[in-house]
Amino acid sequence: MIALVTGAYRGLGLETVKQLAEKSYTVILTGRNDEKGESAAKALREQGNEVFYRNLDVNDLEQIQKLHDFIAEKFGHLDVLVNNAGIHYDSGHDVTNPDWSIVQEATETNFIGAWKLSAGLLPLLKKSDAGKIVNVSSGAGSLQDMSPGTPAYSASKAAMNVLTIQLADALKGDNIKVNAVCPGWVRTDMGGDAAPRSVEEGAIGIVWAATLDENGPTGGFYRDGKPINW
Ligand SMILES: NC(=O)c1ccc[n+]([C@@H]2O[C@H](COP(=O)([O-])OP(=O)(O)OC[C@H]3O[C@@H](n4cnc5c(N)ncnc54)[C@H](OP(=O)(O)O)[C@@H]3O)[C@@H](O)[C@H]2O)c1
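For the sequence shown, the residue numbers in our numbering are 1148 to 1377.
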């Protein structure tokens, strides 16, 4: 089984790669920094895992095409895509006086990048016997629980949730499950030291959605494998 994780040389992405590799997935660890990516992949290979590094900024359509071609040539298909790359938890920012560069970058990475990559790799996911797309979202993007606390981040994750519903519906006939997952508040560079959850705990729900069996759900929003409010 072949899996790909974005933004994966640190934080939840790296832990998701580890947990998938431990389940005997061949994992393509992607990221924007070759030195950090190669070194993270090498460390996992030295522990006996099958992990490849590829350069990927999720906003870059040329890199997405190159990645598509690499996977097509080497594996012929893709079973799991984890859209984990995320940026700008803009707490303390003001929705009435936003920083447009933050709004733009959060939207491009957290929403449009996940969309570009999902669309770009779809031909390979369609060749899987049972494809999965996992959108690493956040409770901050829940419309029912929406507050103006993190304006750019929340809007981008709400949009990612829309993408989840639309893709899940569009891909039902292709046997590809698409779900959004909130990992909870996790101790990473983004989550900070005060967060109650370890990366190991946070990644469990992501890996759950990546490894669902044929009876598993599609088009839902989950934390710890349980549905949460859109
Ligand atoms: N930590 C939490 O409490 C929490 C809660 C809910 C949801 N999440 C979500 O979980 C995911 C992982 O977050 P994390 O906590 O592990 O954060 P993190 O440690 O800050 O890691 C984020 C990763 O995304 C990468 N990234 C950012 N922009 C990118 C782009 N354009 N292309 C490719 N990679 C890019 C970063 O790479 P660079 O080093 O190159 O910037 C980094 O590897 C995010 O989607 C986040 O929104 C986290």
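For every residue, glycine included, the Cβ atom is placed at its ideal position computed from N, Cα and C.
Where residue i sits in the DSSP three-state scheme
i: LEU1176; result: strand
i: PHE1258; result: helix
i: ARG1334; result: coil
i: ALA1341; result: coil
i: LYS1170; result: coil
i: PHE1222; result: coil
i: ILE1234; result: coil
i: ARG1157; result: coil
Residue i beta carbon near ligand 1 (any heavy atom closer than 7 Å)
i: ILE1175; result: no
i: VAL1333; result: yes
i: ARG1201; result: no
i: ARG1192; result: no
i: LEU1271; result: no
i: ILE1234; result: yes
i: ARG1179; result: yes
i: MET1293; result: no
Spatially closest choice to residue i from the options, by CA coordinates
i: GLN1291; options: SER1171, VAL1281, ALA1302 and LYS1263; result: ALA1302
i: TYR1200; options: ALA1277, VAL1152 and ALA1341; result: VAL1152
i: ASP1371; options: VAL1354, GLY1338 and ASP1316; result: VAL1354
i: ILE1234; options: LEU1228, ARG1179 and ILE1211; result: ARG1179
i: ALA1266; options: ALA1315, ASP1181 and GLU1347; result: ALA1315
i: PHE1258; options: TYR1300, MET1337, ILE1280 and GLU1162; result: TYR1300
i: ASN1322; options: GLU1193, LEU1161, VAL1227 and ALA1168; result: VAL1227
**Message:** What ranges does the alpha helix (DSSP H) occupy inside the region 1270-1299, keeping only unbroken runs of at least 4 residues that lie completely in it?
**Reply:** none
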